[in-house]
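Residue numbers (the numbering used here), protein chains in the order written: chain A, 1 to 244; chain B, 1001 to 1334.
For each residue, glycine too, the CB sits at the ideal point set by N, CA and C.
No experiment lies behind these values; they were computed from the predicted model shown.
Take a look at the structure set out below.
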């Protein structure tokens, strides 16, 4: 469904992505793993249109979307939940989620009333329904993360780009959130790409496939068990083993 | 939010009451302190706030050149009337021609400025729009457009076109009704915006433009839409007001004071709220009117601390503060 073909992205002299290619199939869950600075976020920004790659193409459902602006990609069904929530502080929780519904893949097909209904439904799903008339700016950080998820789900995405939204959350909540995402994704056939920097335990439970980025290149790809067992992983995160 | 019917009806009723009062005062004379002049002032400020709210209130962009739209409206209407007079046509042609000129000029300005300046954010947008206003003023003076700095004389042609009685009606009650109509039009457009995805797009832009874009909002299009709508309404307000002035001079027409008043009105009432402008327009207009009687010349000195107090106590504005502190109001007040 999503194809990234030989994408390179430079910032001045820094090559953030080097000839990266990957594929994500419908309904698949892919974890993109790598230490800080490995190019994960840049890759997401190329997929959802914040950056245009210097070389290479991005295809979505067979259509070349490399030159489409970010908002058109949202209409096609690419949604994103940010790691650091990007709330709309001065409007209500319910309205925030309705924005997701109005401008996602339903764009042009539903009105405000339907969007609010969808918002209510997604807020029930993430357990924020009781706070729907609260101003978004008054939510706590964990609540904002749930809201971020509700907003992304409300857009009825085909592909959901999850930044490391579980970072900094208590373990019990991580499990709960990942199970929730998994259930919804299965029910609605949403493909998920999630960024992982540290919380490997979540990866193993969650992903069908793991892609490892290091210094802008894709260096490993495979099942979670395979990848985590690979000695290269230790080297990336901890450095080369010293041997006399 | 889908706006509640009661809320909309209440606002429309308030408008009807104000308009009814204005007509009543015209017929039976002033009712105590309520004079025609006061109601004219209230209508002007409510219309100004309501029209500017569509841009500043909903998108959060501060257009420091907003008065340029009003100036173009005044010039558009006045030069239309003058031209009709010179061509030997009747006054009604002049007004229609003036309206066409107003709408054309203001939408052209909005599209040109919006297309370029709306790429800038925050203070940079504000600075760019100030310079558009000042630039336009010097353009009118320097190129001697609309009689340049000599001033465009409106009252003469108006008197000859409509007779002196017709002119005095036009300059008072009729232009007031036009100002009320602009306010009402701006209110109706605000209701439509808030009740459709346009309002959601604009508020998302105000809150976090980059996030809005990633979520599927064509930010440029919606910003230009709000800017143009608000600009045309400002132009229509200027056009309605032009019947009240004897002649139009660039330094008066492009006076930045009106922009500042517009900003005050929006912030005082509550940016992006539907009821904000009617609350702030009434408050600001009455204060200005009565202070001019009690402390002539010192109005601004009294205003400043009041405004500072509002900004410190309720930065969300009066109606905005209701929404923050009384949660129940969030369901129905927008």
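> Does residue 1216(B) come within less than 8 Å of chain A when only Cβ atoms are used?
Replying inline: yes
> Any chance the region 1171-1185 of chain B sits against the region 49-67 of chain A, with 3 or more Cβ pairs inside 8 Å?
Replying inline: no
> Roughly how many angstroms separate the alpha carbons of residue 1205(B) and residue 1219(B), rounded to a whole number?
Replying inline: 7 Å
>> Bridge partners for residue 211(A) per DSSP, in chain order?
In response: 32(A), 221(A)
>> So, at 6 Å on beta carbons, what are the nonlocal neighbours of residue 1184(B) in its own chain, with the 5 sequence-adjacent residues on each side left out?
In response: 1015
> Rounded to the nearest angstrom, how far is the Cβ of residue 78(A) from that of residue 110(A), given a contact under 8 Å?
Replying inline: No, residue 78(A) and residue 110(A) are not in contact; Cβ-Cβ is about 18 Å, not under 8 Å.
> CA-CA distance, residue 121(A) and residue 1304(B)?
Replying inline: 47 Å
> For residue 64(A), which three-state DSSP category applies?
Replying inline: strand
> When the Cα atoms are used, what is the spatial distance from residue 89(A) to residue 1245(B)?
Replying inline: 44 Å
> Under three-state DSSP, which class holds residue 56(A)?
Replying inline: strand
>> Taking beta-carbon pairs under 9 Å, can you tell me which members of the region 1104-1129 of chain B lie near chain A?
In response: none
> Quick one, are the C-beta atoms of residue 263(A) and residue 155(A) less than 8 Å apart?
Replying inline: Within the shown structure, residues of chain A are numbered from 1 to 244, placing residue 263(A) beyond reach of any answer.
>> Closer than 9 Å between beta carbons: that is the criterion. Which residues of the region 202-229 of chain A meet it against chain B?
In response: none
>> Rounded to the nearest angstrom, what separates residue 1211(B) and residue 72(A) at their Cα positions?
In response: 14 Å
> Alpha carbon to alpha carbon, what distance is there between residue 138(A) and residue 1018(B)?
Replying inline: 38 Å
> Would residue 1112(B) be called buried (16 or more neighbouring beta carbons within 10 Å of its own) or exposed?
Replying inline: exposed
> For the region 106-129 of chain A, which residues have a beta carbon sitting closer than 8 Å to at least one beta carbon of chain B?
Replying inline: 107, 111, 112, 113, 115, 116
>> Please state the DSSP three-state secondary structure of residue 1152(B).
In response: strand
> How is residue 205(A) classed by DSSP in three states: helix, strand or coil?
Replying inline: helix
> Do residue 31(A) and residue 174(A) have their CB atoms nearer than 8 Å?
Replying inline: no
> From this set, 1082(B), 1234(B), 1285(B), 1321(B), which residue's C-alpha is nearest residue 1073(B)'s C-alpha?
Replying inline: 1234(B)
>> Please identify, using Cβ separations under 7 Å, the residues of the region 63-81 of chain A that lie next to chain B, in order along the chain.
In response: 70, 71, 74, 75, 80
> Which residue comes first and which comes last in the beta strand (DSSP E) that contains residue 24(A)?
Replying inline: 14-24
> Hey, which unbroken runs of the beta strand (DSSP E) at 3 residues or more fall wholly within the region 177-203 of chain A?
Replying inline: 191-196
> Taking 8 Å as the CB-CB cut-off, is residue 1196(B) touching chain A?
Replying inline: yes
>> Would you say residue 13(A) lies against chain B (beta-carbon separation less than 8 Å)?
In response: no
>> Any C-beta of chain B within less than 7 Å: which residues of the region 89-102 of chain A qualify?
In response: 89, 90, 91, 92, 95, 98, 99, 100, 102
>> Against chain B, does residue 44(A) count as a neighbour if the rule is that its beta carbon must be under 8 Å from one of theirs?
In response: no
> If the cut is a Cβ gap below 8 Å, which residues of chain A does residue 1208(B) touch?
Replying inline: 86, 87, 88
> So which residues of chain B does residue 50(A) contact, with C-beta pairs closer than 9 Å?
Replying inline: 1210, 1213, 1214
> If you draw a straight line from the C-alpha of residue 172(A) to the C-alpha of residue 189(A), how long is it?
Replying inline: 25 Å
>> Tell me whether the region 1271-1280 of chain B and the region 1072-1089 of chain B touch, counting them as touching only if at least three CB pairs, one residue from each stretch, are closer than 8 Å.
In response: no
>> Report the CB separation of residue 1223(B) from residue 1118(B) in whole angstroms; it is logged as a contact under 8 Å.
In response: 5 Å
>> Suppose the cutoff is 7 Å on Cβ atoms and the five residues either side in sequence are ignored; what does the same chain contact list for residue 1335(B) look like?
In response: Given that chain B is displayed from residue 1001 to residue 1334, the structure contains no residue 1335(B) and the question cannot be resolved.
> I think residue 1171(B) touches residue 1097(B), with their Cβ atoms under 8 Å apart; what is that distance to the nearest whole Å?
Replying inline: Residue 1171(B) to residue 1097(B), Cβ: 19 Å. No contact.
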